[in-house]
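Below is one structure; the comments refer to it alone.
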Amino acid sequence: EIGGLGSSVHSKPVSINLRRANGSAFVMKSLREPMVVVMKLTGQEGNATCAYWDEDEHRWSREGITALGTANSELRCETTHLTIFGAVPRF
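Numbered as in the working numbering, the sequence shown ends at 607 without a single skipped number.
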């Protein structure tokens, strides 16, 4: 488990989701090609890693997301799904 209600996040969360014309959610759990998400870090650059918010478990998770590295106060993450992403403390 990564964090809980009291966990700190080292970036503003980034939410990526798709909607159908009628407004209902279009769930994409497995992209054919990974995409890169870039998040601006708000501090502690060396201690941040990529995570997504697991809505079923109500916690941050690192499963299915890979940290590609940091540069210029940005964290680059590779993922094959769309959800809410954030930079969390590395454990």
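Idealized CB from N, CA, C, for every residue including glycine. If you're wondering where the values come from, they're calculated on a predicted model, not measured in any experiment.
* Is any beta-carbon of chain D found at less than 8 Å from that of Lys545? -> Looking at the structure shown, chain D is missing, and only one protein chain is on hand.
* Using the rule of at least 16 other Cβ atoms within 10 Å of the residue's Cβ for burial, across every protein chain shown, is Gly602 buried or exposed? -> When all chains shown are included, Gly602 counts as buried.
* Asked: Measuring CA to CA, which of Lys545, Ala564, Arg548 is closest to Ser589?
  -> Residue Ala564 is the option with its Cα nearest to Ser589.
* Asked: Does DSSP put Gly585 in a helix, in a strand, or in coil?
  -> Here Gly585 carries a strand assignment [DSSP, helix/strand/coil].
* Asked: Which residue's Cα is closest to the Cα of Asp572: Thr599, Arg548, Gly562, Val554?
  -> Out of Thr599, Arg548, Gly562, Val554, the CA that lies nearest to the CA of Asp572 is found in Thr599.
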